[in-house]
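Numbering (my numbering), first residue to last: 265 to 934.
Okay, structure coming up:
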């Protein structure tokens with residue numbers, strides 16, 4: 265890989281890469297310290313489902329809430345009441361205007377309501393509060409909620425009060441009204457903190473946002489707010505108003521992972537990314553009969569591997585074993601508490617992470633190393649002179665600085681991260697296929713040395729990628745690395761270039777001439793079959809990468825089983841495409857290259873590069889603790905190396921045994 269005529273041309277580039285990698289390591293250590301300072305996890309129980317559970321097992325809500333507190337639950341998530349929920353709770357009576365006469369025959373005290381509403385069309389809904397608390401709540405909330413439509417008509421008499429809403433009954437049931445103070449009071453009396461849930465609606469006003477977010481009673485300790493539905497409160501125009509109201513009230517925005525909500529990114533940005541992330545097991549998943557340990561493991565893994573700090577829990581409503589429901593739910597909570605504490609977490613109110621952005625100067629040092637890595641990649645192809653190499657590094661660093669200076673720092677960091685993600689794994693293709701100096705070593709030693717060198721390149725690239733992007737925005741996943749698809753595809757081109765340079769090049773043939781020669785060759789049937797298989801495999805490969813995909817592919821059952829087994833026996837589960845695919849393929853490809861066997865060299869080299877790309881890509885997940893990322897990569901490399909050596913030994917032994925019968929010369933002994 266080194267230009268032997270001018271070794272210093274590469275030497276200074278290597279020095280820049282080393283300095284950049286060390287700086288990236290320092291940034292990673294700073295980030296690790298930030299992550300270590302935030303080890304408090306909040307257990308939050310759904311209020312409405314919890315109340316339904318208490319009723320099912322014959323407990324009072326008060327006793328149930330006290331039991332939650334003693335079991336380790338920190339807070340309850342209280343969602344807004346709707347007219348429908350108040351009707352289900354028996355707080356109101358909801359009638360179509362066409363049903364009023366029948367209601368009068370049962371309750372004559374509603375005669376004034378009938379008289380007042382007699383001129384309204386059948387498309388209206390009459391809401392009759394049945395308790396003083398419901399009357400006061402509706403009188404306070406409905407006029408503000410229905411400002412700007414639909415119509416609201418209030419009927420009052422000595423005997424009864426009612427509210428007539430200009431919506432059909434089915435639509436009126438979904439009108440959200442804000443949080444009931446009595447729910448907050450009950451949770452507070454039990455010693456639980458509060459997580460509030462608000463729902464957006466078309467035409468939401470600043471007055472409504474202020475009224476629902478503002479908590480007037482200082483006894484209510486509100487930790488955070490989780491928005492219900494597909495949008496955050498205030499989206500699209502009033503999202504900053506909501507964010508300001510939360511900040512004024514000392515509330516954190518809580519973002520539920522895997523639940524895309526319109527306006528979430530803006531909400532996090534306005535909050536300066538001082539948010540908490542939530543993991544939730546849905547009602548449907550709980551009702552499918554997941555075991556207590558399975559659900560507990562999910563929560564613990566979310567905290568350990570994705571920096572989740574709020575666990576949104578729901579009661580188990582169905583028998584999944586022989587234990588009574590109260591005992592089963594106690595065991596569920598205890599399993600989560602025990603699992604978190606065994607991993608070094610404490611139970612309590614969740615808080616945001618501190619900022620980990622290293623600043624411009626360290627990032628610029630990292631970018632210089634990234635530029636040096638890109639120039640190394642170009643140099644291994646074209647043997648650049650020192651002035652050209654130095655100029656290219658300077659252009660890369662200057663471009664980053666210029667973009668940052670003109671207000672495009674985010675774009676500059678994404679571009680630098682993408683360059684690192686492509687350049688360093690691509691260099692490993694040349695490490696793999698380059699002739700090894702000297703012939704006195706066997707295939708094991710050569711393959712291991714090449715593998716360790718390649719993994720060091722990919723590890724450095726991953727650290728630089730993370731170093732470019734390290735900030736709170738990426739740590740809470742409000743922003744993500746945008747080059748995932750491209751980083752998985754672009755390096756494959758360099759497999760072909762490396763193969764041309766070291767294996768199939770004819771004299772002074774250029775790569776363009778090589779490509780022309782290959783394209784001019786006749787295509788045989790087996791070529792078409794191989795191309796078809798490779799295309800299908802490539803489609804699956806691309807579909808299983810990135811943050812989003814248009815092709816839905818489920819994880820095979822065998823892989824799910826293997827993942828579960830690895831999670832039980834290892835501190836962190838390595839990535840399948842590293843330890844089971846890419847790394848063994850690297851060892852085998854290096855051994856075949858040593859043996860002079862070219863038949864499967866290109867597909868094996870492509871598989872090997874998948875593993876190296878994955879190493880760098882693992883560091884792009886900045887919401888994962890950096891020590892988890894590093895441990896995952898090292899375990900994957902160790903397992904992959906062992907599996908690769910074992911598989912290669914078998915393949916070479918079989919190859920040696922079959923060669924004489926096939927009339928082929930014996931390959932070199934290793």
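Virtual Cβ for every residue (Gly too), placed ideally from N, Cα, C. It should be emphasised that the depicted structure is a prediction, and the values quoted were computed from it without experimental measurement.
{"Query": "Quick check: residue 873 and residue 575, are their CB atoms within less than 8 Å of each other?", "Result": "no"}
{"Query": "Going by the beta-carbon positions, is the gap between residue 612 and residue 304 smaller than 8 Å?", "Result": "yes"}
{"Query": "How would you write the range of the beta strand (DSSP E) that residue 936 sits in, first residue to last?", "Result": "There is simply no residue 936 to check, as the chain begins at 265 and stops at 934 in what is shown."}
{"Query": "Starting from residue 763, trace the alpha helix (DSSP H) both ways and give me its first and last residue.", "Result": "748-763"}
{"Query": "Going by beta-carbon coordinates alone, are residue 582 and residue 551 separated by less than 8 Å?", "Result": "yes"}
{"Query": "Taking the beta strand (DSSP E) that residue 341 belongs to, which residues open and close that run?", "Result": "339-343"}
{"Query": "Kindly give me the distance between the Cβ atoms of residue 539 and residue 445, rounded to whole angstroms, as I take these residues to be in contact under 8 Å.", "Result": "The pair is not a contact, with the Cβ atoms about 26 Å apart (cut-off 8 Å)."}
{"Query": "Could you round the C-beta distance between residue 739 and residue 593 to whole angstroms and report it? I think they count as a contact, below 8 Å.", "Result": "Wrong, their Cβ atoms sit about 33 Å apart, outside the cutoff."}
{"Query": "Suppose you measure from the CA of residue 922 to the CA of residue 854; what does that come to, to the nearest Å?", "Result": "20 Å"}
{"Query": "I'd like the span of the alpha helix (DSSP H) that includes residue 907, first residue to last.", "Result": "890-922"}
{"Query": "Assuming residue 915 contacts residue 852 under a Cβ cut-off of 8 Å, what Cβ separation, rounded to an integer in Å, is found between them?", "Result": "6 Å"}
{"Query": "Could you tell me the alpha carbon to alpha carbon distance between residue 701 and residue 684, rounded to whole angstroms?", "Result": "28 Å"}
{"Query": "Let me make sure I understand the geometry here. Which of 465, 838, 614, 822 has the alpha-carbon closest to that of residue 542?", "Result": "614"}
{"Query": "Our contact map puts residue 850 next to residue 696 with C-beta atoms below 8 Å; I'd like the distance itself, whole angstroms only.", "Result": "6 Å"}
{"Query": "Is residue 462 helix, strand or coil when you go by DSSP?", "Result": "strand"}
{"Query": "Using DSSP with H/G/I as helix, E/B as strand and the rest coil, what is residue 887?", "Result": "coil"}
{"Query": "In chain order, what are the residue ranges of uninterrupted alpha helix (DSSP H) at least 4 long that sit wholly in the region 590-665?", "Result": "624-646"}
{"Query": "Can you name, in chain order, every residue of its own chain whose Cβ lies under 8 Å from the Cβ of residue 328, other than the five neighbours on each side?", "Result": "314, 315, 317, 318"}
{"Query": "In terms of residue numbering, what span does the beta strand (DSSP E) encompassing residue 420 cover?", "Result": "416-420"}
{"Query": "Identify whether residue 304 lies in helix, strand or coil by the three-state DSSP scheme.", "Result": "strand"}
{"Query": "Pick from 485, 457, 510, 453: whose alpha carbon is nearest that of residue 473?", "Result": "510"}
{"Query": "Counting Cβ pairs, one atom from each stretch, are 3 or more of them under 8 Å apart for the region 719-726 and the region 492-508?", "Result": "no"}
{"Query": "So, are the CB atoms of residue 871 and residue 845 less than 8 Å apart?", "Result": "yes"}
{"Query": "Quick check on the DSSP output: the alpha helix (DSSP H) that includes residue 356 runs from which residue to which?", "Result": "Per DSSP, residue 356 belongs to no alpha helix (DSSP H); it is in the beta strand (DSSP E), 356-360."}
{"Query": "Reducing DSSP to helix, strand and coil, say where residue 543 ends up.", "Result": "strand"}
{"Query": "Between residue 894 and residue 734, which are expected to be in contact by the criterion C-beta below 8 Å, what is the C-beta distance as a whole number of angstroms?", "Result": "The Cβ separation is near 14 Å, so there is no contact."}
{"Query": "Is the Cβ-Cβ distance between residue 809 and residue 748 less than 8 Å?", "Result": "yes"}
{"Query": "Report yes or no: do three or more beta-carbon pairs, one from the region 460-470 and one from the region 430-437, lie closer than 8 Å?", "Result": "no"}
{"Query": "Using CA coordinates, which residue listed in 580, 625, 466 is at the minimum distance from residue 411?", "Result": "466"}
{"Query": "By alpha-carbon positions, which one of 760, 361, 628 ends up nearest to residue 778?", "Result": "760"}
{"Query": "Applying the criterion that 16 or more other CB atoms from any shown protein chain within 10 Å of the CB defines a buried residue, is residue 311 buried or exposed?", "Result": "buried"}
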